[in-house]
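I have placed the structure first, in the form of structure tokens, so that the comments after it can refer back to it.
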């Protein structure tokens, strides 16, 4: 039976980008359907009735929601090519821990950088850099979080690189100054086709953030 | 080589009890270390979980893991008997989805509804009830979220099965009732009656007293705001 893989997508969403990278790494043919989040499709509302959010991965008509759950699903179903999670249970637990850390720290705090000002923004910037430094520590001397190849944590974190320029402009700081190793890691990953074709242009993301700020009345 | 399995937890924490429950389901012997989380965290805890400095921390032959659901999945993958996750990747993804829903949506909503100030209570209760309603739909006629036996989602929802009832008793506010959520209410009875679950719950009187004190403390703070 022919596999049918559909991704309900939104070009700047870090969560959708994770799934795009995973699908590309595995060489999976997928139909990408771009959603207008101000006008959600009936398909989206039907496939993710609980959260009504993208990304939604639809495999042979059955929906899987939540990006890290989707990446694990992709890894388990298409297990013979480019494994993302390590085979050792302890290493898998460490990978899951750090992916969860990215979810809790990078996304939530990154959002504060472009949505707040003054003291709140300063505190967010500080925590953001501290979190990136912890991730640098976890990377160590490895070329990728996954070791010699892209792994689960790489996929979890990479999409946020597209948002770094926006965070820097809104927060008036440079991430490379504080976390050069992480920037080097991101640029190394971008050499891979699966990453290069999945990550949106940083300046385009910044333009999108400016639009959002205007729409929500954030200075 | 003898296995060394340790759990750093807190007696009242649903999170460390999740880990203990998973170990009991698998029949794994472990050493439990109580941490004084409100007072003085031990140097070992800070060493094994430097990032979050929280319990539970799981130690297997000297190697530490933090985050309760990450630990539970590790336990599932390391000790193969009495599986708590389905084999099928799609069913596994569904279980992970609901476990995440419980952790990130239900628990915070229920906690807020339990201890929020008077003027915010109605809205908080409404949000909490929406979560419970959605969760009940996930049961879909099954005895447990995991089917015939306790699985990942049941373990994640331990707070709802036991802690929530005591919070309701302590605060006098009912969120989960037999009338409003008959299937979920029945599930909570089934859950706490399981022998393996019964053995891994905090003592009732001690936890009830804790919640009564917390509620009184919250009422005082809310009254003086």
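Chains as they are written, first to last, in this note's numbering: chain F, 149 to 367; chain V, 298 to 522. The beta-carbon is built from N, C-alpha and C at its ideal position, and this holds for glycine as well.
Over what stretch of residues does the alpha helix (DSSP H) that includes residue i continue unbroken?
{"i": "residue 157 of chain F", "result": "Residue 157 of chain F -> not in any alpha helix (DSSP H); beta strand (DSSP E) instead, spanning 153-157."}
{"i": "residue 309 of chain F", "result": "300-319"}
{"i": "residue 332 of chain V", "result": "Unbroken run through residue 332 of chain V: none, as it is neither H nor E."}
{"i": "residue 411 of chain V", "result": "404-412"}
{"i": "residue 423 of chain V", "result": "415-436"}
{"i": "residue 399 of chain V", "result": "That residue, residue 399 of chain V, is in no alpha helix (DSSP H); it is neither H nor E in DSSP."}
{"i": "residue 328 of chain F", "result": "328-338"}
{"i": "residue 454 of chain V", "result": "Residue 454 of chain V -> no alpha helix (DSSP H), and no H or E assigned at all."}
{"i": "residue 320 of chain V", "result": "311-323"}
{"i": "residue 347 of chain V", "result": "Where residue 347 of chain V is concerned, there is no enclosing alpha helix (DSSP H), given that its DSSP letter is neither H nor E."}
{"i": "residue 355 of chain F", "result": "350-364"}
{"i": "residue 344 of chain F", "result": "341-344"}
{"i": "residue 168 of chain F", "result": "162-173"}
{"i": "residue 191 of chain F", "result": "190-195"}
Strictly by DSSP, which residues pair up with residue i?
{"i": "residue 355 of chain V", "result": "V:304 and V:362"}
{"i": "residue 292 of chain F", "result": "F:295"}
{"i": "residue 180 of chain F", "result": "F:155"}
{"i": "residue 444 of chain V", "result": "V:441"}
Along the chain, where does the beta strand (DSSP E) containing residue i start, and where does it finish?
{"i": "residue 205 of chain F", "result": "204-207"}
Could you work out which residues of chain B lie near residue i, taking near to mean beta carbons separated by less than 7 Å?
{"i": "residue 282 of chain F", "result": "Chain labels in this structure do not include chain B; the protein chains are F and V."}
Am I right that residue i and residue j are in contact with their C-beta atoms under 8 Å? What's the rounded C-beta distance?
{"i": "residue 342 of chain F", "j": "residue 169 of chain F", "result": "6 Å"}
{"i": "residue 447 of chain V", "j": "residue 362 of chain V", "result": "Wrong, their Cβ atoms sit about 21 Å apart, outside the cutoff."}
{"i": "residue 284 of chain F", "j": "residue 347 of chain F", "result": "Between residue 347 of chain F and residue 284 of chain F the Cβ distance is about 20 Å, and since that is not below 8 Å, they are no contact."}
{"i": "residue 356 of chain F", "j": "residue 160 of chain F", "result": "5 Å"}
{"i": "residue 217 of chain F", "j": "residue 394 of chain V", "result": "6 Å"}
{"i": "residue 481 of chain V", "j": "residue 432 of chain V", "result": "6 Å"}
{"i": "residue 247 of chain F", "j": "residue 212 of chain F", "result": "Residue 247 of chain F to residue 212 of chain F, Cβ: 16 Å. No contact."}
{"i": "residue 163 of chain F", "j": "residue 215 of chain F", "result": "4 Å"}
{"i": "residue 411 of chain V", "j": "residue 375 of chain V", "result": "Incorrect: roughly 35 Å between the Cβ atoms, too far for contact."}
{"i": "residue 472 of chain V", "j": "residue 422 of chain V", "result": "6 Å"}
{"i": "residue 225 of chain F", "j": "residue 305 of chain F", "result": "At roughly 23 Å, the Cβ-Cβ gap does not stay under 8 Å, so residue 225 of chain F and residue 305 of chain F are not in contact."}
{"i": "residue 282 of chain F", "j": "residue 337 of chain F", "result": "With 8 Å as the limit, residue 282 of chain F and residue 337 of chain F do not qualify as a contact, their Cβ atoms being about 19 Å apart."}
Every unbroken alpha helix (DSSP H) inside the stretch 456-520 of chain V [4 residues or more]: Counting whole runs of 4 or more residues, the stretch 456-520 of chain V contains the alpha helix (DSSP H) stretches 461-468, 479-490 and 492-495.
Complete beta strand (DSSP E) runs within the stretch 198-281 of chain F (minimum length 3 residues, chain order): Complete beta strand (DSSP E) runs here, min 3: 204-207 and 210-213.
The stretch 398-417 of chain V in contact with the stretch 454-463 of chain V per 3-pair CB rule at 8 Å: Yes: the two stretches touch, three or more of their Cβ pairs being nearer than 8 Å.
The stretch 237-244 of chain F touching the stretch 164-184 of chain F, judged by at least three CB pairs closer than 8 Å: Because the criterion of three Cβ pairs below 8 Å is not met, the stretch 237-244 of chain F and the stretch 164-184 of chain F do not touch.
Cβ contact (3+ pairs, closer than 8 Å) linking the stretch 307-319 of chain F and the stretch 252-264 of chain F: Proximity of the stretch 307-319 of chain F to the stretch 252-264 of chain F meets the contact definition, three or more beta-carbon pairs being nearer than 8 Å.
Cβ contact (3+ pairs, closer than 8 Å) linking the stretch 379-386 of chain V and the stretch 346-353 of chain V: no
Cβ contact (3+ pairs, closer than 8 Å) linking the stretch 154-162 of chain F and the stretch 199-213 of chain F: Yes, the stretch 154-162 of chain F is in contact with the stretch 199-213 of chain F.
Validate contact between the stretch 394-405 of chain V and the stretch 416-433 of chain V using beta carbons, cut 8 Å, 3 pairs: yes
At least 3 beta-carbon pairs within less than 8 Å: the stretch 281-300 of chain F vs the stretch 322-336 of chain F: yes
Cβ contact check for the stretch 487-500 of chain V and the stretch 312-331 of chain V: 3 or more pairs under 8 Å: yes
The stretch 336-350 of chain V in contact with the stretch 367-376 of chain V per 3-pair CB rule at 8 Å: no
Segment contact flag, the stretch 275-284 of chain F with the stretch 303-312 of chain V, C-beta cutoff 8 Å, min 3 pairs: no
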